[in-house]
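Asks: Residue numbers (our numbering): 209 to 498. Supplied in structure tokens, the structure appears directly below.
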Amino acid sequence: MGSAVPRVLAISARSRLSSVELSLAEVAAELGVHYMTVYKYVRTGRLPARQVGREWRVRRSDLATFVAPGTPRVGAGRSQMAARLRDRMVAGDEAGAWAVIEGALASGADAVTVLVDGVGAAMRRVGDDWARGDIDVADEHRASAVGHRLLGRLSARSARRGRRRSSVVIAAPSGDHHALAVALAADVLRIVGYDVIEGGADLPPHSFVAAVQHAERAAPVRALVITVTTTGLDEVVRSTVAEVRAAIANITIVVGGPAVRDLDHARALGADHSVSGSAVDLMALLDGLS
Ligand code: B12
Numbered sequence: 209m210g211s212a213v214p215r216v217l218a219i220s221a222r223s224r225l226s227s228v229e230l231s232l233a234e235v236a237a238e239l240g241v242h243y244m245t246v247y248k249y250v251r252t253g254r255l256p257a258r259q260v261g262r263e264w265r266v267r268r269s270d271l272a273t274f275v276a277p278g279t280p281r282v283g284a285g286r287s288q289m290a291a292r293l294r295d296r297m298v299a300g301d302e303a304g305a306w307a308v309i310e311g312a313l314a315s316g317a318d319a320v321t322v323l324v325d326g327v328g329a330a331m332r333r334v335g336d337d338w339a340r341g342d343i344d345v346a347d348e349h350r351a352s353a354v355g356h357r358l359l360g361r362l363s364a365r366s367a368r369r370g371r372r373r374s375s376v377v378i379a380a381p382s383g384d385h386h387a388l389a390v391a392l393a394a395d396v397l398r399i400v401g402y403d404v405i406e407g408g409a410d411l412p413p414h415s416f417v418a419a420v421q422h423a424e425r426a427a428p429v430r431a432l433v434i435t436v437t438t439t440g441l442d443e444v445v446r447s448t449v450a451e452v453r454a455a456i457a458n459i460t461i462v463v464g465g466p467a468v469r470d471l472d473h474a475r476a477l478g479a480d481h482s483v484s485g486s487a488v489d490l491m492a493l494l495d496g497l498s
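Here it is as structure tokens:
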């Protein structure tokens, strides 16, 4: 059947196709960046692409109008967005903060960028201000409360229909109260198509087991993600991992977040995988698990 197409015609059709559409490796070569960087742009919606089987195709016209995150103009825009969001969030001004987000979306920012480089970066600025003694913990609490409400509004706006990739359970361990980091990572994973079971913060070990068992009743669980922001919780994380492994066979466990130094640290806690960085790096790690 396949031999019905003359070889020379098949080749010229392919080269015509490749002049209009590019593979991710070709895009990486054109942009002078790593393949995984392009993959993250595509998976988070920053660079439009279509999937053909397991391959991605990027239209040349889309590449021509694409501005890579981190180029000076975009970088400046993102840090301005974070600064303005930080101000509105500390002021407890949800409507003003939402206006900043709507402005960013209207000028082409995608929801993942708004979450990670907007709301997440604004909260890190709040932390720096607090650590310097410039703001009170009441200011931080007000900003966090606005942050949670912004996440709700943004995820309602970017809800994605269609087949889910697979499910992921995510939570912070006992003693770690940083719920916003969990919620933000969960929303990024939902936006890129995962079914996410979110366990929130300060979850005791036996409740991690219950959360995974609950998820498994609905769909196979690709991984359990334990997000650790507070340092000094290694023993708690280690016993959480051990309790989950004792109850659930063959579960893949990812441990990460700001309090996890590197893969060696995560492995010492009993994890299978880790990577440094944001929820976008977590997404790429999960995508790579079969
Ligand atoms: C808000 C906040 C709180 C709030 C949390 C409220 C809430 N609802 O979440 C409250 C008041 C509870 C709190 C308490 C404390 N906090 Co606090 N907090 C913060 C603050 C300002 C923002 C946290 C946040 O939301 N960040 C935004 C998130 C979205 O960014 P992110 O952390 O990078 O999150 C990403 C990753 O987690 C990633 N991710 C998740 N899972 C995984 C997995 C993998 C594999 C990968 C790759 C990525 C990944 O996804 C997220 C999105 O990209 C930070 C400042 C900061 N730099 O973050 C301090 C901060 C984290 N807190 C700090 C401190 C000191 C504390 C307290 C000890 C204060 C005190 N003396 O009581 C307590 C500890 C409480 C506890 N036992 O956990 C320190 C860190 C402490 C440490 N290293 O242990 C920080 C850094 C402030 C500072 N500059 O000193 N805090």
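Glycine included, every Cβ here is placed at the ideal spot set by N, Cα and C.
(1) Alpha carbon to alpha carbon, how far is Val298 from Ser382?
(2) With distance defined between alpha-carbon atoms, name the residue in Ile459, Ile456, Val444 and Arg453 nearest to Glu467.
(3) I think Ile399 touches Val322, with their Cβ atoms under 8 Å apart; what is that distance to the nearest whole Å?
(4) Does the separation of the CB atoms of Ile434 and Glu406 fall below 8 Å?
(5) Assign Pro277 to buried or exposed, taking buried as 16 or more other Cβ atoms, counted over all protein chains shown, within 10 Å of its Cβ.
(6) Might you give, ordered along the chain, the residues of its own chain that have their beta carbon closer than 7 Å to the beta carbon of Met209, omitting 5 neighbours on each side?
(7) With a threshold of 7 Å (Cβ to nearest heavy atom), would Glu348 be considered close to the ligand B12?
(8) Starting from Leu255, trace the beta strand (DSSP E) both ways and give me its first and last residue.
(9) May I ask you to verify whether the segment 423-439 touches the segment 388-399, counting CB pairs closer than 8 Å and requiring at least 3?
(10) Output the distance between the C-alpha atoms of Ile456 and Ala389, rounded to the nearest integer angstrom.
(11) Using 8 Å as the cut-off, can you tell me whether the segment 282-301 makes contact with the segment 346-363, which would need three or more C-beta pairs spanning the two stretches below that distance?
(12) Determine the DSSP secondary structure at Asp470, reduced to helix, strand or coil.
(13) My assumption, with CB atoms under 8 Å, is that Gly464 sits in contact with Val452. Please give the rounded CB distance.
(14) Does chain C have any CB closer than 8 Å to the CB of Ile405?
(15) Which same chain residues, not among the five before or five after Lys248, have their C-beta less than 6 Å away from its C-beta?
(16) I believe Leu271 touches Val235 by the beta-carbon criterion, under 8 Å. Please report the beta-carbon distance rounded to the nearest angstrom.
(17) Measuring alpha carbon to alpha carbon, tell me which of Val260, Ala317, Met289 and Ala312 ends up nearest Arg254.
(18) My guess is that Val462 and Ala431 are in contact by the Cβ rule of under 8 Å, so how many angstroms apart are they, rounded?
(19) For Val308, collect the residues of the same chain with a Cβ closer than 8 Å to its Cβ; drop the 5 residues on either side in sequence, then sort them by chain order.
(20) In chain order, what residues of the same chain lie with their CB nearer than 6 Å to the CB of Val250, ignoring the 5 residues before and after it?
(21) Give the single residue among Ala339, Ala305, Gly311 and Asp336 whose Cα lies nearest to the Cα of His356.
(22) Just the Cα atoms here: how many angstroms apart are Arg281 and Ser315?
(23) Out of Arg332, Ser375 and Ala237, which has the shortest C-alpha to C-alpha gap to Leu494?
(24) Have a look at Ala329, Thr273 and Thr460 and flag the residue whose alpha-carbon is nearest the alpha-carbon of Gly285.
(25) Provide the residue(s) that pair with Gly279 in DSSP beta bridges, ordered along the chain.
(26) To the nearest angstrom, how far is it from the Cα of Ser415 to the Cα of Ala454?
(27) Buried or exposed for Ala419, please, with buried defined as at least 16 other CB atoms from any protein chain shown within 10 angstroms of its CB.
(28) What are the start and end residues of the beta strand (DSSP E) that includes Ser382?
Replies: Inspection of the coordinates gives the following:
(1) One-based indexing of the sequence shown puts residue 298 at position 90. One-based indexing of the sequence shown puts residue 382 at position 174. If you take the alpha carbons of Val298 and Ser382, they lie about 27 Å apart.
(2) The count along the sequence shown starts at 1 and reaches residue 467 at position 259. Note that residue 467 is Ala in the sequence shown here, rather than Glu. Of the candidates Ile459, Ile456, Val444 and Arg453, the one whose C-alpha sits nearest the C-alpha of Ala467 is Val444.
(3) For the purposes of this step, residue 399 is taken as residue 191 along the sequence shown, with counting starting at 1. For the purposes of this step, residue 322 is taken as residue 114 along the sequence shown, with counting starting at 1. Ile399 to Val322, Cβ: 10 Å. No contact.
(4) For the purposes of this step, residue 434 is taken as the residue at position 226 of the sequence shown. For the purposes of this step, residue 406 is taken as the residue at position 198 of the sequence shown. No.
(5) Residue 277 sits at position 69 when you count from the first residue of the sequence shown. Pro277 should be labelled buried.
(6) Working through the sequence shown from its first residue, we reach residue 209 at position 1. With a pLDDT of only 37 at Met209, under the threshold of 50, the placement of this residue in the model should not be trusted, and no figure is reported.
(7) In the sequence shown, the residue the question calls residue 348 occupies position 140. Yes.
(8) As a position in the sequence shown, residue 255 is number 47, starting the count at 1. Counting along the chain, Leu255 falls outside any beta strand (DSSP E), and DSSP gives it neither H nor E.
(9) yes
(10) Position 248 of the sequence shown holds residue 456. Position 181 of the sequence shown holds residue 389. One C-alpha to the other measures close to 26 Å.
(11) yes
(12) Your numbering for residue 470 matches position 262 in the sequence shown. Correct three-state label for Asp470: coil.
(13) For this step, residue 464 is matched to residue 256 along the sequence shown. For this step, residue 452 is matched to residue 244 along the sequence shown. 16 Å between Cβ atoms; not a contact.
(14) Among the chains in the structure shown there is no chain C, since it carries only a single protein chain.
(15) One-based indexing of the sequence shown puts residue 248 at position 40. Excluding residues within five positions, the ones whose Cβ falls inside 6 Å are Val488 and Ala492.
(16) Mapped onto the sequence shown, residue 271 falls at position 63. Mapped onto the sequence shown, residue 235 falls at position 27. That belief holds up - the Cβ atoms of Leu271 and Val235 are roughly 6 Å apart, short of 8 Å.
(17) Residue mapping note: residue 254 aligns to position 46 of the sequence shown, counting from 1. If we check each option's Cα against that of Arg254, Ala317 comes out closest.
(18) Mapped onto the sequence shown, residue 462 falls at position 254. Mapped onto the sequence shown, residue 431 falls at position 223. 5 Å between Cβ atoms; contact.
(19) Your numbering for residue 308 matches position 100 in the sequence shown. For Val308, where only same-chain residues beyond five positions count, the Cβ hits under 8 Å are Met289, Arg292, Leu293, Arg296 and Gly326.
(20) Taking the sequence shown and counting its residues from 1, the one referred to as residue 250 is at position 42. Answer for Val250: Ala257 and Trp264, listed in chain order.
(21) Locating residue 356 in the sequence shown gives position 148, counting from the first residue. The shortest C-alpha separation from His356 is found at Ala305.
(22) Taking the first residue of the sequence shown as 1, we reach residue 281 at position 73. Taking the first residue of the sequence shown as 1, we reach residue 315 at position 107. Each residue's alpha carbon lies about 13 Å from the other.
(23) The residue you call residue 494 lines up with position 286 of the sequence shown. The option with the nearest alpha carbon to Leu494 is Ser375.
(24) Stepping through the sequence shown from its first residue, residue 285 is reached at position 77. Closest by alpha carbon: Ala329.
(25) For the purposes of this step, residue 279 is identified with residue 71 of the sequence shown, where counting begins at 1. Note that residue 279 is Thr in the sequence shown, not Gly. None, per the DSSP bridge assignment.
(26) For the purposes of this step, residue 415 is taken as residue 207 along the sequence shown, with counting starting at 1. For the purposes of this step, residue 454 is taken as residue 246 along the sequence shown, with counting starting at 1. Their backbone Cα atoms lie some 13 Å apart in a straight line.
(27) Against the sequence shown, residue 419 aligns to sequence position 211. Classification for Ala419: buried.
(28) Against the sequence shown, residue 382 aligns to sequence position 174. Per DSSP, Ser382 belongs to no beta strand (DSSP E) and is neither H nor E.
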